[in-house]
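Participant: Take this structure first; my questions come after.
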Amino acid sequence: MIADILKSSLISVGIACLATFLLQSIGSHYLFDFLKQNVINIQIGLLAINTATLGVVLTKLRDLVDKGIPLSKFSSARSEMLLSIKEQMTLIIVALIILSIEGATSIPAHIPIELIRILLLSCFVYSLMILYDTAKSVFVVLGESPES
Numbered sequence: 273m274i275a276d277i278l279k280s281s282l283i284s285v286g287i288a289c290l291a292t293f294l295l296q297s298i299g300s301h302y303l304f305d306f307l308k309q310n311v312i313n314i315q316i317g318l319l320a321i322n323t324a325t326l327g328v329v330l331t332k333l334r335d336l337v338d339k340g341i342p343l344s345k346f347s348s349a350r351s352e353m354l355l356s357i358k359e360q361m362t363l364i365i366v367a368l369i370i371l372s373i374e375g376a377t378s379i380p381a382h383i384p385i386e387l388i389r390i391l392l393l394s395c396f397v398y399s400l401m402i403l404y405d406t407a408k409s410v411f412v413v414l415g416e417s418p419e420s
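Counting from 273, one number per residue, gives the positions in the sequence shown under the numbering used here.
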């Protein structure tokens with residue numbers, strides 16, 4: 273579980289570093305300005321979408337339990353679902369902290385704007401990764417391959 277979170281975090285930071293480099297090389301600040309104004313609303317919207325989707329998945333799992341499959345078979349899936357909600361809540365809090373630090377006028381230490389941008393973009397990318405994983409779970413529950 274911790275290894276998966278660390279892996280997802282490193283992938284998010286890697287994608288954010290690459291995107292930051294590419295956007296700076298073409299002189300574009302649009303994505304950062306957009307995220308600065310909207311990332312919290314986007315993350316709350318993604319949390320709502322994921323929660324609703326997980327509700328659908330849990331309903332399907334309940335149907336499977338009613339058909340005789342033991343509830344214990346789904347304990348790992350249920351804990352992963354709860355973890356995804358906790359991850360999203362944490363990402364919202366982290367994004368709020370990043371934006372608060374970025375907008376603070378009385379912090380004595382200078383934090384490079386590139387670091388702020390990478391961290392903010394990482395939160396957004398991680399949220400999208402959670403959305404993707406949740407969407408894949410719908411296909412798995414329906415008995416289809418999410419990769420096809």
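Even for Gly, the Cβ is constructed at its ideal location relative to N, Cα and C.
For I388, which residues from the same chain have a beta carbon less than 8 Å from its beta carbon, with the 5 sequence-adjacent residues on both sides left out?
Facilitator: Residue numbering aside, residue 388 sits at position 116 when the sequence shown is read from its first letter. So the list reads I370, I373 and E374, once near-sequence residues are dropped.
Participant: Under the three-state reduction of DSSP, which class applies to I316: helix, strand or coil?
Facilitator: The residue given as residue 316 occupies position 44 in the sequence shown. I316 falls in the helix class under three-state DSSP.
Participant: If the criterion is Cβ atoms closer than 7 Å, does the pair Q309 and I364 meet it?
Facilitator: The residue labelled residue 309 in the question sits at position 37 within the sequence shown. The residue labelled residue 364 in the question sits at position 92 within the sequence shown. No; because the gap between Cβ atoms is not below 7 Å, this pair is not in contact.
Participant: Assign Q360 to buried or exposed, taking buried as 16 or more other Cβ atoms, counted over all protein chains shown, within 10 Å of its Cβ.
Facilitator: Your numbering for residue 360 matches position 88 in the sequence shown. It is buried - the Cβ of Q360 has at least 16 other Cβ atoms within 10 Å.
Participant: DSSP three-state call for T362: helix, strand or coil?
Facilitator: Position 90 of the sequence shown, counted from the start, is the residue given in the question as residue 362. Here T362 sits in helix by DSSP.
Participant: Cutting at 8 Å between CB atoms, please list the residues of its own chain near T323, excluding the five before and the five after it.
Facilitator: Translated into positions along the sequence shown, residue 323 becomes position 51. If we look at T323 and ignore the five residues flanking it on each side, its Cβ neighbours are I357.
Participant: Can you tell me which of Y302, V412, C395 and N313 puts its alpha carbon nearest to the alpha carbon of S284?
Facilitator: Position 12 of the sequence shown, counting from 1, holds the residue named residue 284. With distances taken between Cα atoms, S284 lies closest to C395.
Participant: Looking only at C-alpha atoms, which of I379, I390 and A407 sits nearest to M353?
Facilitator: Numbered from its first residue, the sequence shown carries residue 353 at position 81. It is A407 whose Cα lies nearest to the Cα of M353.
Participant: Could you name the residues of the same chain whose beta carbon sits closer than 6 Å to that of V337, not counting the 5 residues immediately before and after it, in chain order?
Facilitator: Translated into the one-based positions of the sequence shown, residue 337 becomes position 65. L343, listed in sequence order.
Participant: I'd like the list of long-range same chain contacts for I379, defined as Cβ closer than 8 Å, with 5 residues on each side in sequence excluded.
Facilitator: Here the question's residue 379 lines up with position 107 in the sequence shown. So the list reads I373, once near-sequence residues are dropped.
Participant: According to DSSP, simplified to helix, strand and coil, what is S284?
Facilitator: For the purposes of this step, residue 284 is taken as residue 12 along the sequence shown, with counting starting at 1. Three-state result, S284: helix.
Participant: Please report the residue range of the alpha helix (DSSP H) in which S399 lies.
Facilitator: Indexing the sequence shown from 1 puts residue 399 at position 127. That run of the alpha helix (DSSP H) goes I385 to V413.
Participant: Please state whether the Cβ-Cβ distance between L393 and A320 is less than 7 Å.
Facilitator: Taking the first residue of the sequence shown as 1, we reach residue 393 at position 121. Taking the first residue of the sequence shown as 1, we reach residue 320 at position 48. No, Cβ-Cβ distance for L393 and A320 is not below 7 Å.
Participant: Tell me whether K339 sits in a helix, a strand or coil according to DSSP, three-state version.
Facilitator: Numbered from 1 along the sequence shown, position 67 holds the residue referred to as residue 339. Correct three-state label for K339: coil.
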